[in-house]
Amino acid sequence: MTLDQFTPEEGQVARRYEYDDSTVMAVDFGTDAADASVDLVDDTVIVVLADDQHEIDLPANTENAHTFMKNGVLTIELEEDR
Numbered sequence: 093m094t095l096d097q098f099t100p101e102e103g104q105v106a107r108r109y110e111y112d113d114s115t116v117m118a119v120d121f122g123t124d125a126a127d128a129s130v131d132l133v134d135d136t137v138i139v140v141l142a143d144d145q146h147e148i149d150l151p152a153n154t155e156n157a158h159t160f161m162k163n164g165v166l167t168i169e170l171e172e173d174r
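The numbers in this note's numbering rise by one with no breaks, and the one at position 81 of the sequence shown is 173.
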């Protein structure tokens, strides 16, 4: 497993974990983001926090992406096609 930080925003914890058959990205928006919503449109994850909107572009040709938000932490799971 390799671990890379994939966002340059100051103070935001964001990590990318690569496994043999999947990739998991996690972004901690903080406890104030507990009411945030997340949506997946094409190859872009859209997170709406009150009046702010954040977009995360997924790698090209991404398939089988799953997103969810819990306690202010966004998790994006990308499964590899077999």
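Even glycine gets a Cβ: it sits at the ideal position worked out from N, Cα and C.
Just so you know, these numbers come straight off a predicted model, no measurement behind them.
From the options, residue whose alpha carbon lies closest to that of residue i
i	options	result
residue 126	161, 117, 170, 169	161
residue 171	165, 164, 157	157
residue 133	115, 144, 149, 122	149
residue 166	110, 107, 109, 118	118
residue 188	154, 141, 114, 115	Coverage of the chain is limited to positions 93 through 174, which leaves residue 188 absent and any answer about it impossible.
Beta-ladder partner(s) of residue i, from DSSP
i	result
residue 149	136
residue 157	170
residue 144	141
Three-way DSSP call (helix, strand, coil) for residue i in this model
i	result
residue 162	strand
Span separating the alpha-carbon of residue i from that of residue j
i	j	result
residue 124	residue 143	13 Å
residue 137	residue 112	23 Å
residue 168	residue 109	10 Å
residue 154	residue 115	11 Å
residue 107	residue 151	15 Å
residue 159	residue 139	10 Å
C-beta neighbour in chain C for residue i, strict 8 Å
i	result
residue 163	Judged by its chain identifiers, the structure shown contains no chain C, having just a single protein chain.
Quiz item: What are the uninterrupted segments assigned as alpha helix (DSSP H) that are 4 or more residues long and contained completely in the segment 107 to 138, given in chain order?
Solution: If we require 4 residues or more, the segment 107 to 138 turns out to have no alpha helix (DSSP H) run fully inside it.
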